[in-house]
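Residue numbers (the UniProt record's numbering): 1 to 118.
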């Protein structure tokens, strides 16, 4: 993948300024949770997804490049990874990892050039 992992694809339908908090997030094989936080910063866009009971109340950080489409009407976001691929990503701890460049590099590699592609 040559596209920046921390940027939305031009085909995702992302509208600047729209708050995605609360949107449902769906992997290729089912629901993974709801957006708890998101960033639209250029080169640093991501979603923090609260997985609820799916992975025991944990949160996951998804780079914006994983977003395939955003349905404003349904308040739903589709990502291009399976539930297992998301579950197998480097574990996310909001207090430790949001500002940690090393974690971002590791996650970027997992979801980018070195990560699983479908």
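Note that CB positions come from ideal geometry on N, CA and C, so glycine has one too.
All values reported here derive from a predicted model rather than from experimental measurement.
Between residue i and the rest of its own chain, which residues show a CB-CB distance below 7 Å, the 5 nearest in sequence each way excluded?
i           : result
residue 30  : 83
residue 60  : 49, 51, 86, 89, 92
residue 96  : none
residue 110 : 89, 90
residue 13  : 69, 70
residue 40  : 16
List the whole-angstrom C-beta distance separating residue i from residue j, where the pair is believed to meet the contact cut-off of C-beta under 8 Å.
i          : j          : result
residue 45 : residue 81 : That belief does not hold up - the Cβ atoms of residue 45 and residue 81 are roughly 16 Å apart, past 8 Å.
residue 32 : residue 54 : 6 Å
residue 42 : residue 35 : With 8 Å as the limit, residue 42 and residue 35 do not qualify as a contact, their Cβ atoms being about 19 Å apart.
residue 47 : residue 20 : 7 Å
residue 75 : residue 7  : So it is not a contact: roughly 22 Å between Cβ atoms.
From the options, pick the residue whose C-alpha is nearest to that of residue i; which is it?
i          : options         : result
residue 72 : 79, 6, 7, 15    : 15
residue 10 : 36, 67, 105, 21 : 67
Can you give me the Cβ contacts of residue i inside the same chain, cut-off strictly under 8 Å, excluding the 5 residues immediately before and after it?
i           : result
residue 3   : Caution applies to residue 3, whose pLDDT of 49 falls short of 50 and renders its modelled position unreliable; the value that the coordinates give is listed next. Same-chain partners within the cutoff: 9, 65.
residue 125 : Any property of residue 125 remains undetermined from this structure, which presents the chain solely from 1 to 118.
What does residue i pair with, by DSSP beta-bridge criteria?
i          : result
residue 25 : 33, 77
Practice task
Would you mind listing the beta strand (DSSP E) stretches within the segment 39 to 85 that are 3+ residues and don't spill past its ends, in chain order?
Solution key: Fully enclosed beta strand (DSSP E) runs of no fewer than 3 residues occupy 46 to 50, 59 to 63, 67 to 71, 76 to 79 of the segment 39 to 85, in order along the chain.
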